[in-house]
Amino acid sequence: MALAPMLAAGCVTIKTRHEVKKEEIHKQMEASEGQLLAAYNEQALAVRSLQATVDLIPSTGSTYSGVIEEYHDVPGFILAERPATVRVIGQAPVVAKNIFDMVSDGETFRIYIPSKNTFLVGATSLTRASKKPIENLRPQHIVEALFWPELADSASVLFEQFDADSNRYYILTVLRPVDGGKLEIARKIWFDRADLRVSRVQLYGANGRLDSDIAYADWQPLGAAAAARAEPVAAQTQYPRDIHIWRPQDDYKLEIRITKLSINVAISADQFELAQPAGAELVRVGEDSAGTQP
0 MALAPMLAAG CVTIKTRHEV KKEEIHKQME ASEGQLLAAY NEQALAVRSL QATVDLIPST
60 GSTYSGVIEE YHDVPGFILA ERPATVRVIG QAPVVAKNIF DMVSDGETFR IYIPSKNTFL
120 VGATSLTRAS KKPIENLRPQ HIVEALFWPE LADSASVLFE QFDADSNRYY ILTVLRPVDG
180 GKLEIARKIW FDRADLRVSR VQLYGANGRL DSDIAYADWQ PLGAAAAARA EPVAAQTQYP
240 RDIHIWRPQD DYKLEIRITK LSINVAISAD QFELAQPAGA ELVRVGEDSA GTQP
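Here's what the structure looks like:
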């Protein structure tokens, strides 16, 4: 690949410019590629676990709206622990009755939907979309948005400046090696130059396929959220309270609004356990057969 020799010597800088009216341009902050990488890694390592009270807002017609049929949004709870363990519970407003309960350990996922008396089990590696929207629910899509992997010093990264309308961005494009000595895009990390916060992360699958497009907003200091932490975090460390997840291959969008947050608290293993309820229909996602198990 043509980029390979250049990347061997370090990162490549790309500049993309679009004409913008001066009066629309906000004051922009400056940062080097190294500073952005350091800021990203600091944020990635600052949060090891979290407990959050949230509002879950699906887009109309999406996989989630098929489960949350009669509600515009639902309150819920998220427990998550690095690197990829998560539990997400969505509840009906007022009555606090579970609409769905799902867990993932990074390798398998388990989902219970009481209204349909259905218990779904599958591998997180399954990428083939089902014709049944309910079978496309994946708790790991949420944990991917909550935690970021640290970038190694040896990572191949492209550094780009991008101007769009009145906003300007720095973009770090992280590459991964593939067969034949080639490289392909693994993720793109967008920094808003108004405050140098991460505003967007795009995750890519094989052959340039966009798997997740995640937008971050309403960054707030950890403050009280870090009161129960085992170790101190940097004073400037913040966490977004508004997260938008778009899964183009799975045809759904989900907004997560965090209303209460605690980080780096101990979470017992049993809090991530989800057993199949008696009488619930067992659906093995990715297989043609389904059955009922007492």
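Going by numbering that gives the first Met the number 0, 201 is the number at position 202 of the sequence shown; the sequence numbering is gapless. Glycine is no exception: its CB is placed at the ideal position from the N, C-alpha and C atoms. Given the structure is predicted, the values throughout are model-derived calculations rather than measurements.
| query | result |
| --- | --- |
| CB-CB length for Arg81 against Gln270, believed under 8 Å | At roughly 15 Å, the Cβ-Cβ gap does not stay under 8 Å, so Arg81 and Gln270 are not in contact. |
| Residue span of the beta strand (DSSP E) that contains Gln90, given as start and end | 84-90 |
| Given Ile88 as reference, the closest of Asp250, Phe146, Glu272, Gln42 once Cα atoms are compared | Glu272 |
| C-beta atoms of Ala79 and Val120 nearer than 9 Å | no |
| Nonlocal neighbours in the same chain, by C-beta distance under 6 Å from Ser295, ignoring five residues either side | Examination of residue 295 is not possible in this model, given that the chain is present from 0 through 293 alone. |
| Exposed unless 16 or more other CB atoms sit within 10 angstroms - verdict on Asn309 | The structure shown does not extend to residue 309, since the chain is modelled only from 0 through 293, so no value can be given for it. |
| Of the listed residues Val73, Ser48, Ala43, nearest to Pro57 (C-alpha basis) | Val73 |
| Cβ pair Tyr203, Pro239 closer than 9 Å | no |
| Thr123 Cβ short of 8 Å to the ligand ZN heavy atom set | Ligands in the displayed structure: none, and consequently the ligand ZN is not present. |
| The segment 160-172 in contact with the segment 188-200 per 3-pair CB rule at 8 Å | yes |
| Reference Pro276, options Ser114, Asp54, Pro92, closest by Cα | Ser114 |
| Close-in-space but distant-in-sequence residues of the same chain around Ala234 (CB under 6 Å, 5 per side omitted) | In this predicted model, Ala234 has a pLDDT of only 49, less than 50, meaning its place in the structure is not dependable; the value taken from the coordinates is given anyway. Result list for Ala234: empty, nothing under 6 Å. |
| Proximal residues to Ala154 (C-beta, below 7 Å), its chain only, five neighbours per side dropped | Val173 |
| Cβ distance (whole Å) where Leu260 is taken to contact Thr236 below 8 Å | Actually they are not in contact, since the Cβ atoms of Leu260 and Thr236 sit about 12 Å apart, beyond 8 Å. |
| Which listed residue (Phe158, Leu125, Ile184, Thr52) has its alpha carbon closest to that of Gly33 | Phe158 |
| Continuous alpha helix (DSSP H) assignments of at least 4 residues falling wholly in the segment 137-184 | 138-145 |
| Residue span of the beta strand (DSSP E) that contains Gly33, given as start and end | Gly33 -> not in any beta strand (DSSP E); alpha helix (DSSP H) instead, spanning 32-45. |
| Local conformation of Ile112 per DSSP, three classes | strand |
| Closest by C-alpha distance to Ala194, when choosing among Gly179, Arg208, Val200, Trp218 | Per the sequence presented here, residue 194 reads as Asp, with Ala not at that position. With distances taken between Cα atoms, Asp194 lies closest to Trp218. |
| Close-in-space but distant-in-sequence residues of the same chain around Ile213 (CB under 8 Å, 5 per side omitted) | Glu143, Ala144, Arg199, Val200, Gln201, Leu202, Ile242, His243, Ile244, Trp245 |
| Asp104 vs Tyr111 beta-carbon contact at 9 Å | no |
| Nonlocal neighbours in the same chain, by C-beta distance under 6 Å from Ala83, ignoring five residues either side | Gly105, Val142 |
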